[in-house]
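Participant: Mind having a look at this structure? Questions to follow.
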Amino acid sequence: MASKAIYTLIAFTGVALASAVAWSLQRSQAPVSSASTIAAATASSAAAGTAPSAGKPPTVEAAKVEFARLSEEAQAIGSLRSRRGVVLRPEVSGRVTQLNFVDGQRVRKGQLMVQLDDQLQQAQVQQSQAELSIAKANQKRNQELVEQGFISQRSLDESSANLQVAQAKLALSLAAAARLKILAPFDGIAGIRLVNVGDYLKDGADIINIEDIDAVFVDFRLPERFQNKLKNGQTALLNIDALQGEKFTATIAAIDPLIDANGRSVSVRACIDNRRLQLRPGMFARVNTVFAVREQAMVIPEEALLPQGGRQFVIRLVDKAGQGEPGQSPKSGQVSQRVEVKLGLRSPGRVEILQGLETGDTVVTTGQQRLTRDGMAVAVVDVAARAARSGLAGPSALASAALAPGGVSQSQSAQKNESKNILDNQAKSDTKADKNVLEGATLKLLSKALKPVGTNPCKLPA
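Quick note, the sequence shown lines up with residues -18 to -1, 1 to 444 if you use mature numbering (1 follows the signal peptide of the UniProt record, and there is no 0).
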């Protein structure tokens, strides 16, 4: 009986231990299965989220090939100088007795500008003239005596030599007197004098400057890479800051045969017709030299270029079969195609395409780095449409829908204002056109009065 009770107790104890072990195992496995479930759910959701993203084509911006007027040009800065200019200085010392000019007025070639005291020189001229008269009389008398045989030929030769000496002395006296007269070397405009009557001048002292500015030169420098493109007679445009940006046309007159070794640049001189006397020597000028002009150049945005190893590429959009026709607009279903291009002229933000593209082609301008191979489908963003939608959704769209005072919408009011502005601008344009016609006629008459028709102001007179 006692042994039976012991067996029963052992059985109950074993069942209890087995239940405890099973319960413990259940508790330890529950978190693991929960974590596995969460991880599986997370992985499935991530896969579900990335699956559509992986199939979406990359987004790019594109632009069509356009045609525009391009010019190859170079900019430089320069200074104006007169066609001819001189500072009058005396060759000998002396006192000023006359000033025969007015500051800032025109002078003529050969006009007496300054007279120095020449009393001594004039006396020497008179003395030389008297000696010359005596020498002439002696030579004539000796000639007659030789013919009659009263004197020898030697006496006649001596009298002839004395005559030549007297003539030379007179020439020296006249030259000395002439050096005291300072004349204008060419036609021009006198500057502001630096001396007055009565001043004693030493040789080489500045008196006044004369400038011939019927035509002015502009001197400037261009990089040496342009030296083969420069030619006499080419046109350059000048912008003068001092004249509020007024533009002038210059003609290249001279090109320095030497290249400056320090700056690797070539010196250029151009001539401007200045018969209206608008320009002055010393003015600052911005020079724009035009080498070539293309009226209908095929251009694309500069950001569309992909330089690689000294070559230039662009990404063109074509249909999936790669047979897209020129002019086809970027739509769903178009793919990328890498094309090598040959570049021509450049302008700010644009570049000319000489080879590689055709009329109406579309090229990628933003997002090229996402297109790693040819044939990739793309999603093109219409930047203009997106900007328009953003503008309509903003406060300005709400404001435009509001009513103006009096029950008239602001859009209608804006239309009325626009019509009024158009009429006002038309009236102003007509008035300005009439004024320009009048000014043009006046300038033509002025030019004819200043110089004979057909003369070239850039050519120096004989």
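Beta carbons: idealized from backbone N, C-alpha and C, even for Gly.
All values reported here derive from a predicted model rather than from experimental measurement.
Can you tell me whether Q350 is buried or exposed? The criterion is at least 16 other CB atoms within 10 Å of its CB, across all chains shown.
Facilitator: Answer is buried; the Cβ neighbour count reaches 16.
Participant: To test your reading of the DSSP string, which unbroken beta strand (DSSP E) runs of 3 or more residues are found completely within the stretch 236 to 282?
Facilitator: Runs found: 247 to 255.
Participant: Would V200 and I282 qualify as a contact pair, given that the criterion is a beta-carbon distance under 8 Å?
Facilitator: Going by C-beta atoms, V200 is not nearer than 8 Å to I282.
Participant: Is it buried or exposed for G331, if we count other Cβ within 10 angstroms and need 16 for buried?
Facilitator: When all chains shown are included, G331 counts as exposed.
Participant: What are the residues that DSSP puts in a beta bridge with V119?
Facilitator: The residue you asked about is not Val; residue 119 is Ala in the sequence shown. DSSP lists no partner for A119.
Participant: Using DSSP bridges, identify the partner residues of R203.
Facilitator: DSSP output for R203 lists S249 as bridge partner(s).
Participant: Classify A22 as buried or exposed, calling it buried when 16 or more other Cβ atoms lie within 10 Å of its own Cβ.
Facilitator: Reliability fails at A22, whose pLDDT of 38 lies under 50, so the model's placement of it is uncertain and the value that follows must be treated cautiously. Exposed is the call here.
Participant: Could you spell out where the beta strand (DSSP E) holding L154 opens and where it closes?
Facilitator: Element bounds for L154: not the beta strand (DSSP E) but the alpha helix (DSSP H), 135 to 160.
Participant: In whole angstroms, what separates the C-alpha of S64 from that of Q101?
Facilitator: C-alpha separation (whole angstroms): 37 Å.
Participant: Would you tell me roughly how many angstroms separate the C-alpha atoms of K213 and G86, rounded to the nearest one?
Facilitator: Approximately 36 Å between the Cα atoms of the pair.
Participant: Note down the Cα distance separating T32 from R320, rounded to an integer number of angstroms.
Facilitator: Confidence at T32 is low in this model, with a pLDDT of 38, below 50, so the placement of that residue is unreliable and no value is reported for it.
Participant: Using CA atoms only, rank isn't needed, just tell me which of D255, N270, D343, Q103 is closest to C440.
Facilitator: Per the Cα distances, D255.
Participant: Can you list the alpha helix (DSSP H) stretches of 4 or more residues lying completely in the stretch 321 to 366, in chain order?
Facilitator: Runs found: none.
Participant: I'd like the span of the beta strand (DSSP E) that includes E48, first residue to last.
Facilitator: Residues 48 to 70.
Participant: So what's F208 in DSSP terms, helix, strand or just coil?
Facilitator: If DSSP states are grouped into helix, strand and coil, F208 belongs with the helices.
Participant: In chain order, what residues of the same chain lie with their CB nearer than 6 Å to the CB of Q209, ignoring the 5 residues before and after it?
Facilitator: The answer, listed in chain order, is V248.
Participant: Report the CB separation of V96 from L81 in whole angstroms; it is logged as a contact under 8 Å.
Facilitator: So it is a contact: roughly 6 Å between Cβ atoms.
Participant: Thinking just about the alpha-carbon of each residue, which of S142, R123, Q260 is nearest to the one in E228?
Facilitator: Considering only alpha carbons, the answer is Q260.
Participant: Closer than 6 Å by C-beta to F295: which residues in its own chain qualify, once you throw out the five before and the five after it? Chain order, please.
Facilitator: Taken in chain order, the residues that qualify are L288, R320, E322.
Participant: Please report the straight-line C-alpha distance between R257 and T233, rounded to a whole angstrom.
Facilitator: Rounded to whole angstroms, R257 to T233 spans 15 Å at the Cα level.
Participant: Rounded to the nearest angstrom, how far is the Cβ of A150 from that of E113, given a contact under 8 Å?
Facilitator: 11 Å between Cβ atoms; not a contact.
Participant: Residues in its own chain within less than 6 Å of Q397 by CB, not counting five upstream and five downstream?
Facilitator: Annotation note: pLDDT 49 at Q397 (below 50); position unreliable, coordinate value reported separately. So the list is empty, once near-sequence residues are dropped.
Participant: In or out: S311 buried (at least 16 other Cβ within 10 Å) or exposed?
Facilitator: With a pLDDT of only 43 at S311, under 50, the local geometry of the prediction cannot be trusted, and no value is derived from it.
Participant: Could you work out which residue in L339, S134, G215, Q316 is closest to A361 when comparing CA atoms only?
Facilitator: The option with the nearest alpha carbon to A361 is Q316.
Participant: Any idea what DSSP makes of Q110, helix, strand or coil?
Facilitator: Contrary to the premise, residue 110 reads as Ser rather than Gln in this sequence. In the structure shown, S110 sits in a helix (DSSP, three-state: H, G or I).
Participant: Of all the options C253, R51, A187, which has the alpha carbon lying nearest to the alpha carbon of L176?
Facilitator: Checked all of C253, R51, A187; the closest Cα to L176 is A187.
Participant: Let me make sure I understand the geometry here. Which of D343, G292, L94, R88 has the alpha-carbon closest to that of R161?
Facilitator: When each option's Cα is compared against that of R161, the closest is L94.
Participant: In the DSSP assignment, the beta strand (DSSP E) including Q290 goes from what residue to what residue?
Facilitator: Run containing Q290: 288 to 290, per the beta strand (DSSP E) assignment.
Participant: What residues in its chain sit with their C-beta under 6 Å from that of N191, if we drop five residues either side in the sequence?
Facilitator: Only V69, G173 meet the Cβ criterion.
Participant: Would you identify the three-state DSSP class for P439, choosing helix, strand or coil?
Facilitator: Three-state DSSP puts P439 in coil, outside helix and strand.
Participant: Out of F168, F230, V272, P205, which has the shortest C-alpha to C-alpha gap to Q216?
Facilitator: Cα-wise, what sits closest to Q216 is V272.
Participant: So the candidates are T341, G264, V275, D181; which of them puts its Cα closest to the Cα of R77?
Facilitator: Measuring from the Cα of R77, the nearest candidate turns out to be D181.
Participant: What's the call for L240, buried or exposed, on a 16-neighbour Cβ count within 10 Å?
Facilitator: Exposed, because fewer than 16 other Cβ atoms sit within 10 Å of the Cβ of L240.
Participant: Considering only C-alpha positions, which residue in the set L165, A153, R136 is nearest to G92?
Facilitator: Checked all of L165, A153, R136; the closest Cα to G92 is L165.
Participant: With DSSP run on the structure shown, which of helix, strand or coil describes D185?
Facilitator: Three-state result, D185: coil.
Participant: Please list, in chain order, all residues of the same chain as V89 whose beta carbon is under 8 Å from its beta carbon, the five residues on each side excluded.
Facilitator: Cβ within range, chain order: F83, M95, A166, D169, G170, I171, A172, I192.
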